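A short write-up of the structure that comes next.
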Amino acid sequence: MQLSTRQVRVFTLATLLSSGKKVPTIKIISALECSEPTLTRVLKEIRDSYDAEIKYSKASRAYQMTERGQLDNKALRRMREALSASEDLRHNGMTSRVYLDKDKKKSVSLSLKMSALRKIDRLSYLNNSTRSEAVELLVDHYIENLIQSTLAELAEKEKDGLKK
């Protein structure tokens, strides 16, 4: 299950403070990867949503959950499970990202048959684009299919090689 950044922070903070021991502010901020104002908002959310009592010690610059409220062991276990499932999804590449950076381009030199070059020129003429844009169009539309079919062929050959 995919958790939002806010949910990850709330669940992580709840599990960090659930032991009832004092947890240094620096440790919390680094675990949550957030700023102090964000930490304040997350603490408020835990206090409001789960009726938990969290106290701050100025002397030790640490937070301590003195009253769990609705954060019983079952709720904390579910939070830990959701965090680990979300982490697994993130590491398995199931998340999508939007890149707002400008596409980086690199000039390359290709040796192509004249027939292939004429086809690229024709495509660029029909699309009213450059050769580079025509090649990018071809790559975007067809390269993934070629990669998948090549991988399937290699797997088939490897399987046949193991049978012999």
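For the record, in the sequence shown the residue sitting at position 136 is 135 according to numbering that gives the first Met the number 0, with numbers rising by one throughout. C-beta atoms are modelled at their ideal positions from N, C-alpha and C, and glycine is treated no differently. As the structure is a prediction and not an experimental result, all values here were calculated from the model.
6 Å Cβ shell around Lys181 - same chain, five flanking residues per side excluded
Outside the displayed range of the chain (0 to 163) lies residue 181, so it cannot be described from this structure.
Segment limits, beta strand (DSSP E) that includes Ser56:
52–56
Which residues bound the alpha helix (DSSP H) around Gln6?
4–16
Use the C-beta contact count for Thr11: other C-beta atoms within 10 angstroms, 16 or more gives buried, fewer gives exposed.
buried
For Ile28, which residues from the same chain have a beta carbon less than 8 Å from its beta carbon, with the 5 sequence-adjacent residues on both sides left out?
Ser34, Glu35, Leu38
Three or more C-beta pairs closer than 8 Å, one from the region 4–20 and one from the region 40–51: is that the case here?
yes
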